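J.:
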Amino acid sequence: RAIKQLSLEYMEKVEFYFVGQNTSLLAQQIEAQIQNMPQIVMTGTVDRDKINKMLEYTDVLICPSREDPMPTVAAEAMMHKVPCILSDSVGTVTYIEDCKSGLIFENQNVDQLVEKIIWCINNYVDLPQLGIEARKVYEKVFSMKTFADNILQFVRRYI
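Printed below as a string of structure tokens:
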């Protein structure tokens, strides 16, 4: 719904890729809705190498989940210096500062999501810096080193 609200002027500047399982009823409904919208591509399921390659060329990742404690896809994007637009119902927003290390919109608020997408289009030159800040969040919170350090602290505390 958010994509459909973008004006033709903005639609001419973007491409959207829906990545993941595409055989569910929801996926089929989305596919029917995006007929005649060449800016939207449904890739279906892709392997890890393809995801990493796609993230190398991605400007922004949108995770509009209505409920997801910690989506892996957001951490993967930040690992690749890709800023995220996240629903405030996604656990990752705990670590994101709006308009500094990512963008946050109110869960199910289509108008706010549209505003965030338009912000990204209008501020395209600022996205690399947002990506750098997102990578800092990844390093601080999600990296293997941080994970190992946290496990080590936990083990030391209880031994």
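The sequence shown begins at 4 in our numbering and counts up by one.
Even for Gly, the Cβ is constructed at its ideal location relative to N, Cα and C.
It should be emphasised that the depicted structure is a prediction, and the values quoted were computed from it without experimental measurement.
#1: Please return the same chain residues whose Cβ sits closer than 7 Å to the Cβ of residue 73, not counting the five positions on each side in sequence.
#2: Mind listing, in chain order, the continuous alpha helix (DSSP H) runs of no fewer than 4 residues lying wholly within the segment 93-144?
#3: Measuring alpha carbon to alpha carbon, tell me which residue in 23, 101, 143 is nearest residue 130.
#4: Could you tell me the boundaries of the beta strand (DSSP E) in which residue 20 lies?
#5: Have a look at the DSSP bridge pairing and note the partners of residue 68.
#6: Nearest-angstrom Cα distance between residue 153 and residue 55?
#7: Which residues does DSSP list as the beta-bridge partners of residue 45?
#8: Using three-state DSSP, classify residue 9 as helix, strand or coil.
#9: Per DSSP, which one or two residues make a beta bridge with residue 146?
#10: Who are the near neighbours of residue 61 in its chain, counting only those whose CB is closer than 6 Å to its CB and skipping five residues on each side?
#11: How big is the Cα-Cα spacing for residue 7 and residue 66?
#12: Shortest alpha-carbon distance to residue 22 belongs to which of 12, 9, 11, 80?
#13: Taking the C-alpha atoms as reference points, what is the distance between residue 31 and residue 151?
T.: A quick look at the data gives this:
#1: For residue 73, where only same-chain residues beyond five positions count, the Cβ hits under 7 Å are 94, 95.
#2: 113-125, 130-140
#3: 101
#4: Counting along the chain, the beta strand (DSSP E) containing residue 20 begins and ends at 19-22.
#5: In DSSP, residue 68 forms no bridge with anything.
#6: 26 Å
#7: 21
#8: Note: residue 9 maps to coil in three-state DSSP.
#9: Its beta-bridge partners do not exist; DSSP assigns none.
#10: Answer for residue 61: 85, listed in chain order.
#11: 17 Å
#12: When only C-alpha atoms are compared, the closest one is 80.
#13: Approximately 41 Å, taken between the alpha carbons.
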